[in-house]
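What follows is a single structure, written as structure tokens, with notes after it.
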Amino acid sequence: MCLGIPAKVVERHENIAIVDYGGVTKEVDCSLVPDIKPGEYVIVHAGAIIEKISEKDYEETVEILRELIQVTSNIQSDE
Amino acid sequence: MKQINLVKPFQNRNVSRAIVKKIHDIAKKLLKKGFSEIKIMHVCGTHEHTITYYGLRSLLPNNVNVIAGPGCPVCIVPAREIDEAIKLSKEGIMILTYGDMYRVPGSYESLAQARAKGGKVNIVYGFLDAIKIAKKKREDIVFFGVGFETTAPITAALIFNKKIPDNLSILMSYRITVPAVRYILNNPHNLNGIICPGHVSAIIGAGAWEFISKEYGLPAVVAGFEPIDVLLAILSILKQIYNGNAELVNEYKRVVKWDGNKIAKKYLDKTFRIVDRDWRGIGIIPNSGWLLRDEFEHLDAREKYQVKVDKWIDIKGGCLCADVVLGKAVPTDCPYFGKSCTPQHPIGACMVSSEGTCSIWYKYGGAMIQKIKKSVNTEGI
Ligand code: SF4
């Protein structure tokens, strides 16, 4: 019930948005994040969008993880 | 925005290995410093799911223990409030509830059992569905409003925006996690750090947890829900312990802002008032619940139907749920775990909800990992 699921916004109608969970689409409420637009990524919780996913912060985190993969390849070759 | 994969980068095996290696390196150093048992508490059922489902405990050094705290909103609703819902359902008022709450035992029975005996109970995915159903039907309907800071704001928003049909009211059972964490830290504990719940923080903001480091001197990390998010949180806490720091770190920046979701917070504030509430088997935690503000009190099902339950039984026959919720016990400490208590025949609430620690351990073998961990040494990954 507390599970927040990442999804992509595909349509927007007033307080309702259609989101795509990777193949499955669902109608959700967007009163808590009124400025969302199609194409943006969000977290959906119990039928409501609770927050946007920031592309900038996502990229930054993934970049740190990429660097970690480099480190791991070194670790593996050391072993 | 281009197509991005929201999950995969945070499940990468090589990255996990690198982080686990770092965790072991630092845990070894901490062991030399005398830290023979480092206890990190998380406060979210979804974190427990990630930890148990991916077997993360088995990857951790023996001197690092991650325990579950009060993270299951269904487990902590007092039996009294379930009894109230059951009473209403038997009086012919339709109760709409989340699936997770449906089978949680009240004092004598669950909503599922009440329905089998003729009680009017149906499962919904969220408050929005409850509104849709209420608009279609003419009868009286009560939505069982259970949840933490993640679930409460949408109810608050729809009430504030006057979207509630006349035949719908709410049985208010919402609880607030921050005071529960404070309660745990105000009582004797042996915790070395806290992993803060990512989606609760998306609403209230990372900053809401700063008191853990500032007032209690413990490292705290707001974390997401993929295995790498949790491993990074553990690593960050261990690093802080090693360096003698206590800070609040936001690992889940891609979703959580420092101030959280201001619109959601505004709705909570304008629609609800904060009150002292009891938690199942635990007792009153100050400022830990929400009730409706005066102007919305007509939507309160307890007022509307004058429902009252005077006697209730929160904990039955030796069930350790309250200790499991407070992180004082793990499911395997309970003699009934997996024996007389299973998800098919639950004794306590923690065995029912998909976010209950007992249920997660039963489904994904948490007990097994506990045994394995006891038998391996601190060195091995
Ligand atoms: S195993 Fe069952 S009886 Fe034991 S603490 Fe968990 S829910 Fe309670």
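Protein chains in written order, with the working numbering: chain G, 315 to 393; chain V, 34 to 414.
Each residue gets a CB set at the ideal place from its N, CA and C atoms; glycine is no exception.
Since we're looking at a predicted model, the values are computed, not measured.
Min CB distance Pro-379/V to chain G below 9 Å: no
Counting contacts by CB-CB distance shorter than 9 Å, is Leu-271/V in contact with chain G? no
Terminal residues of the alpha helix (DSSP H) in which Ser-373/V lies: First-last for Ser-373/V: undefined, no H or E at that position.
Any chance you could list the beta strand (DSSP E) runs of at least 3 consecutive residues sitting entirely within the stretch 100-183 of chain V, in chain order? 127-130, 154-156 and 174-180
Ligand 1 and Val-289/V: does any heavy atom of the ligand fall closer than 8 Å to the residue's C-beta? no
To be precise: take each residue of the stretch 360-380 of chain V, compare its Cβ to all Cβ atoms of chain G, and keep it if any distance is under 7 Å. Which residues remain? none
Spatial distance of Ile-389/G from Ala-51/V (CA atoms): A caution first: Ile-389/G carries a pLDDT of 49, below 50, which makes its placement in the model too unreliable to give a value.
Taking all protein chains shown into account, do 16 or more other C-beta atoms lie within 10 angstroms of the C-beta of Ser-49/V, making it buried, or fewer, making it exposed? buried
Answer yes or no: do Val-282/V and Ala-266/V have a C-beta to C-beta separation smaller than 9 Å? yes
Thinking Pro-103/V and Val-358/V are a contact (beta carbons under 8 Å), I'd like their distance in whole angstroms, please. 5 Å
Which residue spans inside the stretch 240-300 of chain V form an unbroken beta strand (DSSP E) run of at least 3? 253-256 and 281-283
Compare the C-beta of Val-342/G with all C-beta atoms of chain V and state if any pair is closer than 9 Å. yes
Between Ala-60/V and Leu-382/G, what straight-line distance do the alpha-carbon atoms span, to the nearest angstrom? 19 Å
Answer yes or no: does any C-beta atom of chain C fall closer than 9 Å to that of Lys-290/V? Annotation note: the requested chain C is absent from the structure, which comprises protein chains G and V.
In angstroms with no decimal places, state the Cα-to-Cα distance between Lys-168/V and Leu-332/V. 15 Å
If Ile-187/V and Asp-343/G are in contact, beta carbons under 8 Å, what's the gap, nearest whole angstrom? 6 Å
Residues in the same chain with beta-carbon distance under 8 Å from Asn-410/V, minus the five sequence neighbours each way, listed in chain order, please. With a pLDDT of 41 at Asn-410/V, under the threshold of 50, the modelled position of this residue cannot be trusted; read the value that follows with caution. Once the five neighbours on either side are set aside, the close Cβ partners of Asn-410/V are Asn-95.
Expressed to the nearest angstrom, what Euclidean distance is found between the alpha-carbon atoms of Thr-83/V and His-222/V? 24 Å
Any beta carbon of chain V sitting closer than 9 Å to that of Asp-371/G? yes
Below 8 Å on C-beta distance, what does Val-48/V contact in chain G? Leu-379, Leu-382, Ile-383 and Thr-386
Check whether chain V comes within 9 Å of Val-376/G, counting only Cβ atoms and requiring the distance to be less than that. yes
Return yes when the Cβ of Ile-174/V is within less than 9 Å of the Cβ of Ala-147/V, no when it is not. no
Would the beta-carbon of Ala-112/V be found less than 8 Å away from any heavy atom of ligand 1? no
When you compare the CB positions of Cys-354/V and Gly-371/V, do they come within less than 9 Å of one another, or not? no
Quick one, which of Val-254/V, Lys-286/V, Phe-258/V and Pro-260/V has its alpha-carbon nearest Leu-28/V's? A query on residue 28/V cannot be resolved here, the shown segment of chain V reaching from 34 to 414 and no further.
Just the Cα atoms here: how many angstroms apart are Ile-261/V and Ile-274/V? 20 Å
Would you mind telling me which residues of chain V sit closer than 9 Å to Glu-325/G, beta carbon to beta carbon, in chain order? The premise fails here: Glu-325/G is roughly 15 Å from chain V at the closest Cβ pair, so nothing lies under 9 Å.
Take Leu-317/G and list the residues in its own chain whose beta-carbon comes closer than 8 Å to its own, dropping the five residues that flank it on each side. His-359
Any C-beta of chain G within less than 8 Å: which residues of the stretch 148-173 of chain V qualify? Tyr-158, Gly-159, Phe-160, Leu-161 and Asp-162
Distance between Ile-364/G and Ala-235/V (C-alpha atoms, nearest Å): 7 Å
Along the stretch 181-211 of chain V, what residues have a CB closer than 8 Å to any CB found in chain G? Phe-181, Thr-183, Thr-184, Pro-186, Ile-187, Ala-190, Leu-191 and Asn-194
Leu-264/V versus Trp-345/V: straight-line alpha-carbon distance, rounded: 41 Å
Three-state secondary structure (DSSP) of Phe-305/V: strand
For Asp-334/G and Val-324/G, what's the separation of their Cα atoms in angstroms? 7 Å
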